[in-house]
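As given, the protein sequences belong to chains A and B, one line each in that order. Residues 1 to 244 (this note's numbering) make up the first sequence, in order. Residues 1001 to 1244 (this note's numbering) make up the second sequence, in order. Before any comments, here is the structure.
There are 2 protein chains.
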Amino acid sequence: MQRITIDPIQRVADTLQLTNEQIHYLQRVLRLKPGDVFIAQDGQGEQWQSQLTEVLGRAQVLSVLTRPPRPVTLELVAALPKTGFDQVVRQATELGVTHIRPLLSERTLLKPSPKKLVRWQRIAQEASEQCERGYVPDIATPVEFTQWIRGKSGGKSIQVGNYFCVARVNSPGLLPCVQALLSDSPQQSIQVVIGPEGGWTPEEITDAIAHGYQATSLGSGILRATTASLTALAIISSVREQLL
Amino acid sequence: MQRITIDPIQRVADTLQLTNEQIHYLQRVLRLKPGDVFIAQDGQGEQWQSQLTEVLGRAQVLSVLTRPPRPVTLELVAALPKTGFDQVVRQATELGVTHIRPLLSERTLLKPSPKKLVRWQRIAQEASEQCERGYVPDIATPVEFTQWIRGKSGGKSIQVGNYFCVARVNSPGLLPCVQALLSDSPQQSIQVVIGPEGGWTPEEITDAIAHGYQATSLGSGILRATTASLTALAIISSVREQLL
């Protein structure tokens, strides 16, 4: 069934007050007519079976649907690639990511305009509707790598579930690391950090390890930055799925 | 170092006779000048360190590079999605696929023109150059699902390493299946089959199982067809990497 994401304040008693954009989407894109049924979600797990009415911009809530289980935290921290981040946001959402944090690292070439964040949020929302997850991932404002890492508590000890993917360096594979972690505690939050084209600088790698990140490898092959993000999330989601 | 793929017949003794397209690519796209060194590969594992000469269209072979190990067979059989197959070919090549077979299934909407095959082959070649694999995957001409499955030997017994991914059906996960298989024989060839938007028809699933395919799941979430292909390959490549 077709889905749209609404703001909870749009629900007034048993009616949904739709925005012009939502009306356009339901009628012109999804081709729904008065009387047709769809699912409205708030992106935080609430979802309602709803029906378009004859009154323009108003839908009737028919029933409250079961809340899907809240997903375990899976955060993708990715240095922005030059192109292709739209695709990363879409696919990451399908793979069940709960938080996306874009970084500007030393070798990041893109300086995104503030409009990009709005665009990524819309893409994440659409992907969440399509894949019926009921939850829309949070997307943070891009920050500099140095600023981001400074916000982390330092210390030599590895922070559980924090993985920093490096290429062309001899590090343990992400798959066995995640399997060892989740076989003990399948509900453990995971954060995975992926570099830009050209990789991390040696200083960035040192800095991440000094802040408790475990350096991990996605294999001996060379992956583009966008493929690396997807590969890491596919591995983590599959292991979690196997153990939950 | 920059790479291009050449036909072995372009190598005559210690010189490479380059095509106009290759000259354009080396000089205009990769910005190489006479004297600059690059790697020429034949896409089948042979690779030569080479140097552009002053003579237009000619390069000097400096040395024969070590052949990378021949990759173990990993075949992606994918019902063509409506859009996004270019991206699948690119990312599948990065993830080490050796064969790609596009299928036209019951619910496939795309009827690709013959030009598409040439385009996919060029994308695979470029991706192989970028990720320095030395091997370019074979891409087969798209065929109908029914024609393809008829070419398989039937029989009730499961063919080892043949996985048929299904959505919304209770099947064992691809990850544990591949781990069980490869932990016994890490060099085992694998073929993984992915459906189109809208999934397989019940008849197609029955047909595949009757031809020895093991039905497997990529998880409880709903993935678009393109994301499903990459998720499957990321899982298989990571397991193989872990065990080889």
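We treat Cβ as the ideally placed atom computed from N, Cα and C, and that holds for glycine. A quick note: this is a predicted structure, and the numbers were derived from the prediction, not measured.
Counting only the same chain and skipping the five closest in sequence on each side, list residues whose C-beta sits under 7 Å from that of A/Glu204.
-> Once the five neighbours on either side are set aside, the close Cβ partners of A/Glu204 are Ser105, Glu106, Phe145.
So with Cβ pairs under 8 Å, would you call A/Leu76 a contact of chain B?
-> no
Mind listing the chain B neighbours of A/Gly132? Cutoff is C-beta to C-beta under 9 Å, in chain order.
-> According to the sequence provided, residue 132 of chain A is Glu. The question's Gly does not apply to it. Neighbours of A/Glu132 in chain B, taken as residues whose beta carbon is under 9 Å from its own, are Gly1221, Ile1222 in chain order.
Determine whether the Cβ of A/Gln242 lies closer than 8 Å to any Cβ atom of chain B.
-> yes
From the beta carbon of A/Val166, is the nearest beta carbon of chain C less than 8 Å away?
-> This model lacks chain C altogether, as its protein chains are A and B.
Would you call B/His1211 buried or exposed, if buried means 16 or more other Cβ atoms sit within 10 Å of its Cβ?
-> buried
Could you check what DSSP says for A/Tyr213 in three-state terms: helix, strand or coil?
-> A/Tyr213: coil per DSSP, three-state reduction.
Which one or two residues does DSSP pair with B/Thr1005 in a beta bridge?
-> Note: B/Thr1005 sits in a beta bridge opposite B/Gln1041.
Per-residue contacts from B/Ser1237 into chain A (C-beta, under 7 Å) | Gly219
Out of curiosity, what's the CA-to-CA distance linking A/Val143 and B/Leu1074?
-> 39 Å
Identify which residue in A/Lys33, A/Ile158, A/Val118 has its Cα closest to the Cα of A/Gln51.
-> A/Lys33
State buried or exposed for A/Gly199, treating a residue as buried only when at least 16 other CB atoms are found within 10 Å of its CB.
-> buried
Can you tell which of B/Ser1189, B/Ala1167, B/Ala1127 has its C-alpha closest to the C-alpha of B/Glu1224?
-> Reading off the sequence, residue 1224 of chain B comes out as Arg, not Glu. Nearest option by C-alpha distance: B/Ala1167.
How many Å lie between B/Arg1067 and B/Met1001 at the Cα?
-> 16 Å
Per DSSP, the bridge partner or partners of A/Gly249 | The structure shown does not extend to residue 249 of chain A, since chain A is modelled only from 1 to 244, so the question has no answer here.
Where B/Glu1106 sits in the DSSP three-state scheme = coil
Using the beta-carbon of each residue, which ones in chain A are nearer than 9 Å to B/Glu1197?
-> What B/Glu1197 touches in chain A, judged by beta-carbon distance under 9 Å, is nothing: the nearest beta carbon there is about 10 Å away.
Quick one: which chain A residues come within Cβ less than 9 Å of B/Gln1044?
-> Here the premise fails: no neighbours, minimum Cβ distance about 17 Å.
Length of the line joining the Cα atoms of A/Trp120 and B/Leu1076 = Here the alpha carbons of B/Leu1076 and A/Trp120 stand approximately 30 Å from one another.
For A/Lys82, which option in A/Pro196, A/Thr227, A/Ile235, A/Thr98 has the closest C-alpha, if you only look at C-alpha atoms?
-> A/Pro196
Proximity of A/Gly134 and A/Gln187 at Cβ, strictly below 8 Å | no
Based on the DSSP secondary-structure assignment, which residues constitute the bridge partners of A/Cys245?
-> Nothing can be reported for residue 245 of chain A: it is not among the residues displayed for chain A, which extend from 1 to 244.
Where B/Gln1091 meets chain A, residues with beta-carbon distance less than 9 Å | Leu223, Arg224, Thr226, Thr227, Leu230, Thr231
Minimum C-alpha distance to A/Ile209 - residue among A/Gln242, A/Ile158, A/Ala228 = A/Ile209 has its Cα closest to that of A/Ile158, out of A/Gln242, A/Ile158, A/Ala228.
In chain A, which residues lie less than 7 Å from B/Gly1096 when you measure between Cβ atoms?
-> Gly221
Look at B/Ala1232 and B/Cys1165 and say whether their C-beta atoms are less than 8 Å apart.
-> yes
Please classify A/Leu76: does DSSP put it in a helix, a strand, or coil?
-> strand
Sort A/Leu117, A/Ala40, A/Gly35 by Cα distance to A/Thr19 and report the nearest one.
-> The candidate whose alpha carbon is nearest that of A/Thr19 is A/Ala40.
Along chain B, in chain order, which residues have C-beta atoms closer than 8 Å to that of A/Gly173?
-> Per Cβ cutoff of 8 Å: Ser1238, Glu1241, Gln1242.
Along chain A, in chain order, which residues have C-beta atoms closer than 9 Å to that of B/Pro1069?
-> Chain A residues near B/Pro1069: none, gap ~10 Å exceeds 9 Å.
State yes or no: is the beta carbon of A/Pro186 nearer than 8 Å to at least one beta carbon in chain B?
-> no
Own chain, CB closer than 7 Å to A/Gln49, minus 5 neighbours either side, in chain order | Val37, Ile39, Leu62, Ser63, Leu65
Which class does B/Ile1222 belong to by DSSP, given the choice of helix, strand or coil?
-> coil
Between which two residues does the beta strand (DSSP E) containing B/Leu1052 stretch?
-> 1047-1052
Mind checking whether A/Thr93 and A/Arg58 have CB atoms under 8 Å apart?
-> no
Neighbourhood of A/Gly161 by C-beta, 7 Å cutoff - its chain only, sequence neighbours within 5 removed = Around A/Gly161: Leu181, Gln188, Ser189, Ile190, Gln191.
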